[in-house]
Amino acid sequence: MEGFSFTIVLFWFSVFSILIISTAIDTTTATQSIRDGETIASAGGSFEMGFFSPGNSKNQYVGIWYKISTTTVVWVANREIPLLDSSRVMKVTEQGILTILNGNGSIIWSSNSTRSAQNPVAVLLNSGNLVVRDGNDNNPDNFLWQSFDYPCVTFLPGMKLGRDLKTGIDRYISSWKSNDDPSRGGFTFRLDPRGFPQLVLMKKSVELFWSGPWNGLGFSGTPNLEPNQFYKFNLVFNDHEIYYIYEPLTSTFVTRMVLNPTGEVQWFFWKDRTHEWDVYKSVRTDSCDIFGFCGPNGRCNTGNSPECGCLIGFVPKFQKEWDVADWSNGCVRRTDLDCQKANGFLKYSGIKPPDTRNSSFDRSMTLEECRVVCSKKCSCMAYSNLYISEGGSGCLLWFGDLIDTIEYQDGQDIYIRMASSEIGNVGSGRKKQVSYIAASVILTVVLLLGLSLTLYLLKKNKLKRQAKLELGPERNTITATQSIRDGETIVSAGGSFELGFFSPGNSKNRYVGIWYKISTTTVVWVANRESPLLESSGVLKVTNQGILTILNGNGSIIWSSNSTRAAQNPVAVLLNSGNLVVRDGNDNNRENFLWQSFDYPCDTLLPGMKLGRDLETGIDRYISSWKSNNDPSRGDFTFRLDPRGFPQLVLMKETVEQFRSGPWNGLRFSGLPNLKPNQFYKFNLIFSDHEIYYIYEPLTSTVVTRLVLNQTGKVQRFIWIHQTNGWSLYLTLLPLDDCDDYAFCGAHGSCNIGNSPECGCLKGFEPKFQKRWDAAYWSNGCVRRTSLDCQKGDGFLKYSGIKLPDVRNSSFDRSMNLEECRMVCLKNCSCMAYSNLDISEGGRGCLLWFGDLIDIRESNQNGQDIYIRMASSEIALQLGKVGSDRKKQKRYIAASVILTVMLLLGLGLTLYLLKKNKLKRQAKLEHGPERSDSTECKKEDLELPLFDYATIADATDNFSVSNKLGEGGFGPVYKVIIVTNCYADYWRIANVTQST
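Its first residue numbered 1, the sequence shown is counted upward by one per residue in full-length UniProt numbering.
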């Protein structure tokens, strides 16, 4: 009966407990806490919050995740401060502050609030928003704090991406560092309110993408962000706040926007059928989405080849750079504007409007009123409607260069200012365009007839080629009468490399490539990397003109080499270096090759390959990453030798510089201290009137090595280990740390990875914008504290142990010594610094810098000396500081020496006195007392007498029983008689303990 009663009580207690928990499942109060293993869930069951470990990490964080996908974490509280123990707690204080405590009870993270509450509670809303509020006050305006104000990697529905103009809160998303580390990564995505609002994606301080301005329907540069059946979106812009927001159209649709660790902004939606996330769209889709890809006044169109062109009425600023696909400097006007003579406006349709940071707007104007305002302002370069909805309204004006203009089908109209004469040329240009179209049609017909004839001849000779193939070509050679089909290969004479058809990774596409015989999955070169074969009926052959071609199953050429010379007996040979060459017969002279694959590297730099430029032919040899392991087409990264100023290696992500090696100094590139002489390979830079290139060669034939640019932008060297039959990473050339990021500390800044913070200004310089510098925004760099005055005489301050600045704005002379270099720089007021050109053999040559000094880092090993121009007063100040520091140092040294001597003297004196007293006491005991006056006796009485064992034994008659007084806790006690120095007839009885 008692057991039954207990069961009933336990049942009702459980029910009551469940009811209590269910009423507070989404809430924690000041009297509650969340411990490791405990969670709270939103009332609607969409989100859950608790402790978690991301990926393979063992660190613990407090986060919010989807209940339907527990590994999809949308927000992290302590993203920068992980917990390392398992006794963690999250609680709300009585003041309404959310806190996370470690096992020691120390607060490692807390929220903030400017207001207190009577009854603070933390509630996880079904939107995924964690809020702290007062009791049941559900008014969002009264929340004490909310996680939606501090997004992490995910932009959720109902979240605001933008700025509160009253409080200054800037809500933006930032990537995780990796899937295992939720701390802030390299990318941010935010709303930029300057000019007129637009979204911007940045990698640290470098702009990667701009969305274009809001046009009333969407952001003008994101045509794929359009009204759809899943969610609605809007831009709110008033006097209090400006933000972008989106909401799902139905409660059943689950969506999120994520900025991943590689910098991709993607929309995902949840598929209930498969229980997984699916990518709905990406913000960036092609190279034209790269900010400023075609430079100022350029326009980008991915349907064109090349993608970049100048706006009508503009011409390339530097034609030679433009011809080699370096479009970064953009275009300039063909005819200068003359505001006094009246200009006009040329209409462009179907474009993404330019960057609006240098713009102004008016919501009330018509388009005609907008034109009049722009025409009256000589600095106004273009205008357009602010909003395109409902037929168009408002006015948007541009000032300065027009940057980041893209052509696409659903683009907008913009009116660009032109000289009147330039507008007149447009009509004649259209007539020429009609002529070009007619000529193109005729040419296309001729080409089609020619192609049909070619296909007929190919079909006719197919059986003849097959018969010759069966006889077998020379093992490393293809002649004009032979071909290679899918499944067949040729091998270099030494057996190092093989050429044939392959499919990379998990792809089913087919490519012609070259790979190592010892490692058949290590492909070092791909012919048709941009034009894959979709079936296995491809053919590689050499034409009678010495052209390598790849044909698909229909006989169409999908890739071909090029040659400016013809040959009598062309053959393609795979050399044992991995170089595929086309030559005339047995002519092995490299200078006479008709074509070679080494002139067109992919992602691998092989020994003997040249990384650089042929100054006569214009061939630029550089490596470029694969898009992925399954796709060998050109990826985001390139690694090349930049010959401007003085040679240096440059790593770029699309058009953004990621790393610069520093100039060649005769031994190595100054910014690559780990590139040094070794037992595997030698390297050098060749710089002549004909060509300039970097090259390396193995020291022995047994060394197999390669340099690879991978998909993440790492330049790595691998060495083949024969014992394990595998590749071993020998070194990563770049980038290694933050200081390797190009211009990380801005102009005249210096980076030292051992300092905190890493960035500092060069001596004599100070931050350009102190507040931004204090907030770790170093991209604007430093400026001189004291301006130069060339007429009054400047000087130079020596800096040692550094990676030399960017040398694109530099000049050099190989014959000068350092003193001659100094004099030349001193006489040229625009010369900002100088150094030795070559540091081998004691140093020689002269390298001069002009303009800002960019991308300097301090190096603990193999750094160089540079002499930077300073105002004379600044040099005196710096030298004074050095002198003052040296005087202080001398004072510290002198004080330390004196203190040490005093301590040694004091110690010596103490030891001397102790020794002297010891000898004195021993003499008194051995030779008996001497008479003294009563004063001495009184002093002696105060001292505790010391006796050796023999004296005590003698005094107790060898511990006689007759002298024994008794026993204590330490043994027997004896009576002795001591005759003092003062009174011979005085008997003193002392207790003596004998050890047992």
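Ideal Cβ placement from N, Cα and C applies to all residues, glycine included.
None of these values were measured; they are calculated from a predicted model.
Asked	Found
Using the rule of at least 16 other Cβ atoms within 10 Å of the residue's Cβ for burial, across every protein chain shown, is Ile686 buried or exposed?	exposed
Out of curiosity, what's the CA-to-CA distance linking Pro182 and Thr188?	14 Å
Can you give me the C-alpha to C-alpha distance between Lys464 and Thr481, rounded to a whole angstrom?	Here Lys464 scores only 42 on pLDDT, less than 50, and its place in the model is too uncertain to base an answer on.
Label Arg931 either buried or exposed according to how many other C-beta atoms from any shown protein chain fall within 10 Å of its C-beta, with 16 as the threshold for buried.	Because the pLDDT at Arg931 is just 37, under 50, the model does not fix this residue reliably, and the point stays unresolved.
What is the residue span of the beta strand (DSSP E) that Ser750 lies within?	Gly749 to Cys751
When the distance is taken between beta carbons, is Arg299 closer than 8 Å to Glu226?	no
Looking at the structure shown, is Gln340 part of a helix, part of a strand, or coil, going by DSSP?	helix
Expressed to the nearest angstrom, what Euclidean distance is found between the alpha-carbon atoms of Trp277 and Tyr66?	12 Å
Between Lys916 and Phe959, what straight-line distance do the alpha-carbon atoms span, to the nearest angstrom?	32 Å
Put Pro140 into one of helix, strand or coil per three-state DSSP.	helix
Quick check on the DSSP output: what are the complete beta strand (DSSP E) runs of length 3 or more inside the stretch 285-320, in order along the chain?	298-300, 308-310 and 314-316
Please work out which residues of its chain come closer than 6 Å, Cβ to Cβ, to Asp737, disregarding the five sequence neighbours upstream and downstream, and give them in chain order.	Ile753
Out of curiosity, what's the CA-to-CA distance linking Thr521 and Ser577?	18 Å
Return the bridge partner residues of Asp134 from the DSSP annotation.	Pro120
Output the distance between the C-alpha atoms of Arg35 and Asn136, rounded to the nearest integer angstrom.	24 Å
Where are the alpha helix (DSSP H) runs, 4 residues long or more, that stay fully inside the stretch 770-819, in chain order?	770-774
Excluding the 5 residues flanking Leu249 on each side, which residues of the same chain have their C-beta closer than 8 Å to its C-beta?	Gln229, Phe230, Tyr231 and Lys232
Thinking just about the alpha-carbon of each residue, which of Thr617, Pro632 and Asn589 is nearest to the one in Pro601?	Pro632
Quick one: grab the DSSP three-state call for Cys745.	coil
Whose C-alpha, out of Thr951, Gln864 and Lys768, is nearest the C-alpha of Gly666?	Gln864
Do the CB positions of Ser147 and Asn260 come within less than 8 Å of each other?	no
When DSSP labels each residue in this structure, what does Met902 get in the three-state scheme?	helix
Rounded to whole angstroms, what's the CA-CA distance from Arg621 to Cys825? Just pull it up for me.	34 Å
Run through the DSSP bridge pairs and tell me what Glu638 is partnered with.	With the sequence shown as reference, residue 638 is identified as Thr, and Glu is not the correct amino acid for it. Answer by DSSP bridge pairing, in chain order: Ser624 and Met652.
Note down, in chain order, each residue of its chain lying with its Cβ closer than 6 Å to the Cβ of residue 1071, except the 5 sequence neighbours on either side.	The chain is shown from 1 up to 996; residue 1071 falls before or after that span and cannot be answered.
Tell me whether the stretch 663-678 and the stretch 583-595 touch, counting them as touching only if at least three CB pairs, one residue from each stretch, are closer than 8 Å.	no
Identify, in the order they occur along the chain, each residue of the same chain with its Cβ nearer than 7 Å to the Cβ of Tyr387, setting aside the five sequence neighbours on each side.	Asn215, Gly216, Ser393 and Gly394
Closest to Asp170 by C-alpha separation, out of Ser496, Tyr150 and Leu533, would be which residue?	Tyr150
With H, G and I counted as helix, E and B as strand and the rest as coil, what does DSSP make of Met870?	strand
Do Leu124 and Gly49 have their beta-carbon atoms positioned less than 8 Å apart in this structure?	Reading off the sequence, residue 49 comes out as Met, not Gly. Yes, they are a contact pair.
At the level of alpha carbons, what is the spacing between Phe796 and Asn836?	14 Å
Mapping DSSP to helix, strand and coil, what is Ser42?	coil
Measuring straight from C-alpha to C-alpha, what distance separates Pro140 and Gln409?	42 Å
Quick check: the Cα distance between Arg640 and Trp145, rounded to an integer number of angstroms?	50 Å
Three-state secondary structure (DSSP) at Ser282?	strand
Alpha carbon to alpha carbon, how far is Phe399 from Ser359? Give it in angstroms, no decimals.	6 Å
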